[in-house]
Amino acid sequence: MPLKAKQVVALIEKLAPPFLAASWDNSGWQVGDSEKPVHRVLLSLDVNRQVIDEAVRQEAQLIICHHPLLFKPLRQIMWQDNVGQLVHRLIERGIGLYAAHTNLDLAPGGVNDVLARLLDLQEIRPLREEEGGNLFKLVVFVPVEHLDRVREAVCRAGAGHIGRYDYCTFQVAGTGTYRPLSGAQPFHGEVGEICLASEVRLETIIPAGLVKRVLTAMLQAHPYEEVAYDLYKLENKFPGAGLGRVGSLEKDLPLAELADVVKQKLGCRALRFGGEPERLVRKVAICGGSGGELWRSALSAGADVLITGDIGYHLAGDMLAAGMCFIDAGHFETEQPALLFLQQYLRQEIAGLGEGVEVLLSNYQRSPFNCC
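Read left to right, the sequence shown gives residues 22 to 393 (my numbering).
What follows is the structure in structure tokens.
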């Protein structure tokens, strides 16, 4: 039995919560019907005519991309325009389009963690951490016999995720009291009489973007007519989330040798680097895509070199003047490895649901630049 498109998207948002996306971004649904059954998903970095035609040939009902097709607000959709043609083609063929952009960049296990692991960095941490206020704590009081049911419901809805762990909760037993008033239909006790109930205080963490979903799941699973619960806004940072990553190589390497390692591991046909070729580097900052503006954060973190893409001429000069080496491996090349990880992640999650949805990688993904 196929999953609905929204169920596949929920797995993406479990990995990369939408609230992590930058305010200027347009991550999320671009085109489509979230209720449509999905038998096959196609993953791509960008969306163009070749990718959509591939989705048609593969009979994919959903494309999940990294770069949003609809990035800026549209005043009109015309078939003569490139974007209009692509939107028309998607609608005509009934293909949904969902973008996981900066939320996948910032998320633990997302674009930058994949890149850091591919380059064998150690002691990896965010280069620039997210600010606090993205988490809530849910406290709900549950009758003992319904504890497992409510805990399962809230965790399946996305609560209790901390770093590399999920289903994280805390529970402590106690006694709740209440008196049902006229018209009430109590789960325990009688109208007009004070009732003592054996309950468990269940606590867990919820990302801000999943609060509504988790509360809905909790209320549906809870047996009480009136559910007693508290919701606290936290100042904790979202664990492991942030722009870029910084880590260390196993040993010192000359800059030119590290550049060659990057070229081989990312499959670059060519790359550019700045700094003395023989300079030894050990601490490395990385940012998939266009991350040159993070160089000051990299310098503050003690990094010897920043690996990213799209480094401009004047920015390169500023970095070298400050003593920061860089390797420009390309926007496409530093983001592309995340797609293979995303494919593996979705296959594993979908298999865990007992479903047989295929997850495919597009064969039409390549850098727009040629090298000679």
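Beta carbons: idealized from backbone N, C-alpha and C, even for Gly. The model shown is predicted, which means the values in this text are computed figures rather than measured ones.
- DSSP links I348 through a beta bridge to F294, I328.
- A direct Cα-Cα distance of roughly 10 Å separates K233 from M239.
- The segment 87-99 makes no contact with the segment 56-63; the number of CB pairs closer than 8 Å stays below 3.
- I226 places its beta carbon less than 8 Å from that of K158.
- Per DSSP, the unbroken alpha helix (DSSP H) holding C176 starts and ends at 168-177.
- For the options L231, W45, Y250, I307, the alpha carbon positioned closest to that of L270 is the one of I307.
- Y188 and H182 have their C-alpha atoms spaced approximately 6 Å apart.
- In this model, F191 and L217 are separated by some 22 Å (Cα to Cα).
- In this structure, D349 and L292 form a Cβ contact; the two beta carbons are roughly 6 Å apart against a cut-off of 8 Å.
- Taking C-alpha positions only, L255 is separated from L156 by approximately 5 Å.
- Boundaries of the beta strand (DSSP E) around R146: 143-150.
- Nearest neighbour of H88 by Cα position, chosen from D74, R300, L125, A242, turns out to be L125.
- Under the three-pair Cβ rule at 8 Å, the segment 158-172 does not count as touching the segment 377-387.
- In the structure shown, the three-state DSSP call for V135 is helix.
- Across the structure, R138 and A359 are spaced so that their CA atoms are roughly 11 Å apart.
- By the CB criterion at 8 Å, E370 and L41 fall outside the cutoff.
- Counting other Cβ atoms within 10 Å of its Cβ, F390 stays below 16 and is therefore classed as exposed.
- Counting only runs of at least 4 residues, the segment 257-318 fully encloses the following alpha helix (DSSP H) elements, listed from N- to C-terminal order: 276-287.
- Counting of Cβ neighbours within 10 angstroms places I145 among the buried residues, the total reaching 16 or more.
- Inter-residue distance for G49 and K286 is about 30 Å (C-alpha atoms, whole angstroms).
- Within the same chain, and ignoring the five residues on either side of C86 in sequence, the residues whose Cβ sits closer than 6 Å to its Cβ are S65, V68, A120.
- Taking all protein chains shown into account, L202 has fewer than 16 neighbouring C-beta atoms within 10 Å of its C-beta and is therefore exposed.
- For a cut-off of 8 Å, the C-beta gap from L301 to D281 is around 15 Å, too long to register as a contact.
- Taken in chain order, the complete alpha helix (DSSP H) segments of 4 residues or longer contained in the segment 60-107 are 70-79.
- The continuous beta strand (DSSP E) containing G197 extends over residues 190-199.
- Under the DSSP definition of a beta bridge, L223 partners with V161, Q192.
- Pairing P147 with L264 gives a Cβ-Cβ distance under 8 Å.
- CA-to-CA, the gap between G213 and E247 works out to about 16 Å.
- Per the C-alpha coordinates, the member of G230, P207, R149, A194 positioned closest to A180 is G230.
- Nearest to Q143 by alpha-carbon distance, out of G344, L367, A324, is A324.
- For Y366, the enclosing alpha helix (DSSP H) starts and ends at 358-373.
- Contact between V171 and V235 fails: their C-beta atoms lie close to 11 Å from each other, not under 8 Å.
- For D251, the beta-bridge partners assigned by DSSP are V160.
- Annotated as distal: F353 and V135, with beta-carbon spacing of 8 Å or more.
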